[in-house]
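Colleague: In the working numbering, the protein residues as written are 9 to 572. Quick one: structure below, then a few questions.
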RNA sequence: GCGCCCGUAGCUCAGUGGACAGAGCAUCUGACUUCGGAUCAGAUGGUCGGGGGUUCGAAUCCCUCCGGGCGCGCCA
């Protein structure tokens with residue numbers, strides 16, 4: 009059975025519309041008009057409007073040239089007829105108890121007790137899969153994020169992209185897609201050689217080059233240089249490159265460790281060099297050339313990006329024969345699609361928005377569906393300490409590393425902070441405030457609700473009370489029904505998050521559920537030896553609440569403690 | 001100059017076509033000698049940056065102005 013009550017209501021509404029047409033109470037609609045009307049079911053902002061609502065009648069008012077209220081009445085009559093006929097034995101009557109028409113044309117629905125009971129029982133019988141969806145069309149999705157070059161440790165400027173990409177990957181997986189997480193970096197370019205040169209300069213107590221790297225990590229690398237490497241570098245054409253490659257591998261391993269500490273794991277680490285070596289760039293450019301979008305000018309090779317609306321054409325190979333970064337991007341697109349991904353997601357910093365058009369244009373020019381290449385631009389975070397902005401630059405060596413941030417703020421709080429904000433809005437992160445307010449942070453509020461339930465369950469087992477096998481009959485009153493209603497929303501929250509590629513809905517849901525639970529706790533005594541039957545029912549409900557909180561937190565990569 | 005993103009309560013942010021605009025924090029007032037007070041109940045607080053338009057309906061879509069951020073390389 010479908011876990012999403014919302015989806016089942018939507019199916020019922022669609023069915024009512026169709027049977028109204030079949031029964032002649034509404035005329036058929038031409039296909040083109042019909043396809044413009046999608047059946048949308050949502051949770052009303054106000055509880056007195058019921059558990060679900062649809063605006064379908066208002067959407068149909070124009071094509072039908074009838075008043076929204078009249079159409080709503082027709083649809084409501086259709087649904088109520090079904091509920092009446094099926095009462096006591098079938099699906100619709102088990103799902104909703106009433107259909108109300110409300111001006112200017114809403115249809116409002118109330119969930120049946122049976123639907124809530126079935127949901128709670130289902131959560132307890134299969135807690136792990138609660139909230140996970142089966143996508144209508146499961147896709148293989150590649151999510152590429154962070155992708156910082158290994159020339160220094162990750163700093164707090166990389167934090168948002170790391171969290172957003174990871175959250176997105178988790179949400180897409182929960183929504184039923186197959187997700188691969190990918191980190192892309194340059195292991196051979198000028199930056200790596202600059203890193204090597206900086207290390208060698210420090211080691212020889214010389215001035216670090218103009219475009220070199222400073223920072224204490226460079227000194228540490230210099231101190232750790234293995235003598236044998238120095239020897240072999242001495243005989244190499246370019247010692248800086250040899251040392252740089254050694255250093256960048258060290259740095260990369262450190263980056264991986266930092267990310268693991270954040271709870272961010274990658275499936276694939278891809279290097280720009282491999283795209284060249286394996287011929288992906290060459291083949292992609294040939295593909296573009298065949299399609300007629302490549303030309304030579306001033307000794308360089310260009311992609312005719314303007315054919316797709318870009319404001320200028322873009323260089324693929326420079327006049328010195330060297331490929332640009334964009335060349336690798338092109339090769340990478342074909343390489344990813346060759347691995348049979350259906351959808352590519354790029355998580356980029358907002359400063360890269362100038363390159364979005366050319367990458368999508370190149371994908372289009374090579375014959376790929378541009379809709380399958382999705383680039384998310386993550387707005388900046390202003391890190392602030394005591395009201396003063398913290399400036400960051402790897403080259404100057406002034407920055408706060410990700411590890412330092414975690415030492416101060418904690419992974420759960422940091423994850424919650426980024427998960428609860430949309431990725432397109434620039435935000436302020438005041439480190440001192442984050443520390444000071446840690447006890448007031450909503451993440452602890454949610455975790456506390458989870459731990460409190462764990463405590464109740466411990467108490468119950470000490471008292472010798474166990475969970476009811478089924479909550480049948482246990483949800484007929486408040487506050488039980490209200491808590492069950494809140495719990496039942498998780499699958500819809502997951503679907504909305506995956507759809508919007510945003511996670512704020514999940515943090516908002518978790519907070520609301522915690523609030524509902526805390527109020528329930530106040531009003532309903534769960535462990536009460538004098539009323540064992542009622543206790544057993546409430547224990548089951550509370551256990552389902554705990555599963556829901558834990559699964560929502562897991563979706564965000566946040567721990568769900570049994571004790572705090 | 002051109003392009004993209006953003007502007008919602010004192011602060012940090014949700015809400016991006018629906019029914020009286022929300023949360024957390026801050027401020028103020030209250031609460032159970034029973035399951036965890038990291039809790040609960042209530043109050044204060046908003047010209048949704050300004051103006052115009054589209055729509056039965058706009059914080060949400062369009063235009064314009066103001067303010068802020070970021071881009072506009074044969075750098076990455």
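We put the beta carbon where it would ideally sit given N, CA and C, even for glycine. Values in this document were obtained by computation on a predicted structure and should not be read as measured data.
DSSP puts residue 351 in a beta bridge; with which residues?
Modeller: In the first chain, residue 351 corresponds to position 343, counting from 1. 149, per the DSSP bridge assignment.
Colleague: Could you give the C-beta distance for residue 385 and residue 351, rounded to a whole number, given that I count them as a contact under 8 Å?
Modeller: Reading the first chain from its first residue, position 377 is the one you call residue 385. Reading the first chain from its first residue, position 343 is the one you call residue 351. The pair is not a contact, with the Cβ atoms about 17 Å apart (cut-off 8 Å).
Colleague: Tell whether a beta-carbon distance below 7 Å holds between residue 310 and residue 323.
Modeller: Position 302 of the first chain, counted from the first residue, corresponds to residue 310. Position 315 of the first chain, counted from the first residue, corresponds to residue 323. Cβ atoms of residue 310 and residue 323: closer than 7 Å.
Colleague: Under a three-way DSSP split, which group does residue 256 fall into?
Modeller: By one-based count along the first chain, residue 256 stands at place 248. Reduced to three states, the DSSP call for residue 256 is helix.
Colleague: Unbroken alpha helix (DSSP H) runs of length 4 or more, entirely within the stretch 362-388: which are they?
Modeller: Counting only runs of 4 or more, we get 364-373.
Colleague: Starting from the Cα of residue 297, find the closest Cα among 306, 373, 471, 519 and give me that residue.
Modeller: The residue labelled residue 297 in the question sits at position 289 within the first chain. Checked all of 306, 373, 471, 519; the closest Cα to residue 297 is 373.
Colleague: Might you give, ordered along the chain, the residues of its own chain that have their beta carbon closer than 6 Å to the beta carbon of residue 108, omitting 5 neighbours on each side?
Modeller: Here residue 108 refers to the residue found at position 100 when the first chain is read from its first residue. Here the set comprises 116.
Colleague: For my contact list, residue 230 and residue 207 are in at a C-beta cut-off of 8 Å; report their separation, rounded to the angstrom.
Modeller: Here residue 230 refers to the residue found at position 222 of the first chain. Here residue 207 refers to the residue found at position 199 of the first chain. Contact holds; Cβ gap of about 5 Å.
Colleague: Using a threshold of 7 Å, state whether the C-beta atoms of residue 462 and residue 382 are closer than that.
Modeller: For this step, residue 462 is matched to residue 454 along the first chain. For this step, residue 382 is matched to residue 374 along the first chain. Not closer than 7 Å, so no.
Colleague: Looking at the structure shown, is residue 138 part of a helix, part of a strand, or coil, going by DSSP?
Modeller: Locating residue 138 in the first chain gives position 130, where the first residue counts as 1. Reduced to three states, the DSSP call for residue 138 is coil.
Colleague: Is residue 276 buried or exposed, if buried means 16 or more other CB atoms sit within 10 Å of its CB?
Modeller: Numbered from 1 along the first chain, position 268 holds the residue referred to as residue 276. So residue 276 counts as exposed.
Colleague: Is the distance from the Cβ of residue 177 to the Cβ of residue 189 below 7 Å?
Modeller: The residue labelled residue 177 in the question sits at position 169 within the first chain. The residue labelled residue 189 in the question sits at position 181 within the first chain. When the beta-carbon positions are compared, residue 177 and residue 189 come within less than 7 Å of each other.
Colleague: Which term fits residue 328, buried or exposed, when burial requires 16 or more other beta carbons within 10 angstroms of its beta carbon?
Modeller: Here residue 328 corresponds to residue number 320 of the first chain, with the count starting at 1. Label assigned to residue 328: exposed.
Colleague: Using only the alpha-carbon positions, how far apart do residue 442 and residue 417 sit?
Modeller: For the purposes of this step, residue 442 is taken as the residue at position 434 of the first chain. For the purposes of this step, residue 417 is taken as the residue at position 409 of the first chain. Roughly 7 Å between the two C-alpha positions.
Colleague: In chain order, which continuous runs of the alpha helix (DSSP H) of length 4 or greater are located wholly inside the stretch 201-289?
Modeller: Segments of the alpha helix (DSSP H) lying fully in the stretch 201-289: 223-232, 235-243, 247-270, 280-285.
Colleague: So what does DSSP say about residue 106, is it helix, strand or coil?
Modeller: Within the first chain, the letter at position 98 stands for residue 106. Correct three-state label for residue 106: strand.
Colleague: Buried or exposed: which applies to residue 46, given that a residue is buried once 16 or more other Cβ atoms fall within 10 Å of its Cβ?
Modeller: As a position in the first chain, residue 46 is number 38, starting the count at 1. With fewer than 16 other Cβ atoms within 10 Å, it is exposed.
Colleague: In the DSSP assignment, the beta strand (DSSP E) including residue 133 goes from what residue to what residue?
Modeller: Within the first chain, numbered from 1, the residue matching residue 133 stands at position 125. Taken as a continuous stretch (DSSP letters only), residue 133 belongs to no beta strand (DSSP E), being part of the alpha helix (DSSP H) at 121-133.
Colleague: Please determine, among 478, 523, 211, 221, the residue with the shortest C-alpha to C-alpha distance to residue 233.
Modeller: To locate residue 233, count along the first chain from 1; it is residue 225. Selected option, being the one with the closest Cα: 211.
Colleague: Nearest-angstrom Cα distance between residue 483 and residue 136?
Modeller: As a first step, residue 483 is located in the first chain; it is residue number 475 there, counting from the start. As a first step, residue 136 is located in the first chain; it is residue number 128 there, counting from the start. Between residue 483 and residue 136, the C-alpha separation is close to 23 Å.
Colleague: Have a look at the DSSP bridge pairing and note the partners of residue 357.
Modeller: Here residue 357 refers to the residue found at position 349 of the first chain. Listed as beta-bridge partners of residue 357 by DSSP are 386.
Colleague: Output the residue ranges of the alpha helix (DSSP H) runs that lie fully inside the stretch 31-104 and measure 4 residues or longer, sorted by chain position.
Modeller: 39-42, 64-72, 76-94, 99-103
Colleague: Flag this pair as touching only if the stretch 496-512 and the stretch 138-146 have three or more C-beta atom pairs under 8 Å; answer yes or no.
Modeller: yes
Colleague: Would residue 554 and residue 458 qualify as a contact pair, given that the criterion is a beta-carbon distance under 7 Å?
Modeller: Position 546 of the first chain, counted from the first residue, corresponds to residue 554. Position 450 of the first chain, counted from the first residue, corresponds to residue 458. It is a contact, given that the beta carbons lie within the stated cut-off.
Colleague: Taking buried to mean at least 16 other C-beta atoms within 10 Å of its own C-beta, is residue 158 buried or exposed?
Modeller: As a position in the first chain, residue 158 is number 150, starting the count at 1. It counts as buried.
Colleague: Straight-line CA distance for residue 17 to residue 60?
Modeller: As a first step, residue 17 is located in the first chain; it is residue number 9 there, counting from the start. As a first step, residue 60 is located in the first chain; it is residue number 52 there, counting from the start. Using only the alpha carbons, I get a separation of about 8 Å.
Colleague: At 3 residues or longer, and completely inside the stretch 420-453: list those beta strand (DSSP E) runs for me, N to C.
Modeller: 435-438
Colleague: Does the beta-carbon distance from residue 24 to residue 83 come in below 7 Å?
Modeller: Here residue 24 refers to the residue found at position 16 when the first chain is read from its first residue. Here residue 83 refers to the residue found at position 75 when the first chain is read from its first residue. Contact flag set, yes.
Colleague: Using the C-alpha atoms, what's the distance from residue 101 back to residue 123?
Modeller: Here the question's residue 123 lines up with position 115 in the first chain. Here the question's residue 101 lines up with position 93 in the first chain. Their Cα atoms are separated by approximately 9 Å.
Colleague: In the DSSP output, what is residue 116 paired with across the bridge?
Modeller: As a working note, residue 116 is residue 108 in the first chain. Beta-bridge annotation (DSSP): residue 116 is paired with 61, 108.
Colleague: Could you compute how far the alpha carbon of residue 548 sits from the alpha carbon of residue 523?
Modeller: As a first step, residue 548 is located in the first chain; it is residue number 540 there, counting from the start. As a first step, residue 523 is located in the first chain; it is residue number 515 there, counting from the start. Here the alpha carbons of residue 523 and residue 548 stand approximately 18 Å from one another.
Colleague: Across the stretch 186-200 and the stretch 273-287, are there enough close Cβ pairs to call them in contact, namely three or more that are closer than 8 Å?
Modeller: yes
Colleague: Alpha carbons only, please: which of 75, 300, 306 is nearest the one belonging to residue 315?
Modeller: The residue labelled residue 315 in the question sits at position 307 within the first chain. For residue 315, the nearest C-alpha among the options comes from 300.
Colleague: Please classify residue 204: is it buried, with 16 or more other beta-carbons within 10 angstroms of its beta-carbon, or exposed?
Modeller: Walking along the first chain from the start, residue 204 turns up at place 196. Buried.
Colleague: Tell whether a beta-carbon distance below 7 Å holds between residue 494 and residue 521.
Modeller: Working through the first chain from its first residue, we reach residue 494 at position 486. Working through the first chain from its first residue, we reach residue 521 at position 513. Yes; because the gap between Cβ atoms is below 7 Å, this pair is in contact.
Colleague: Determine the closest residue to residue 306 out of 319, 289, 326, with distance taken between C-alpha atoms.
Modeller: Sequence index remark: in the first chain, residue 306 carries index 298 (1-based). Measuring from the Cα of residue 306, the nearest candidate turns out to be 326.
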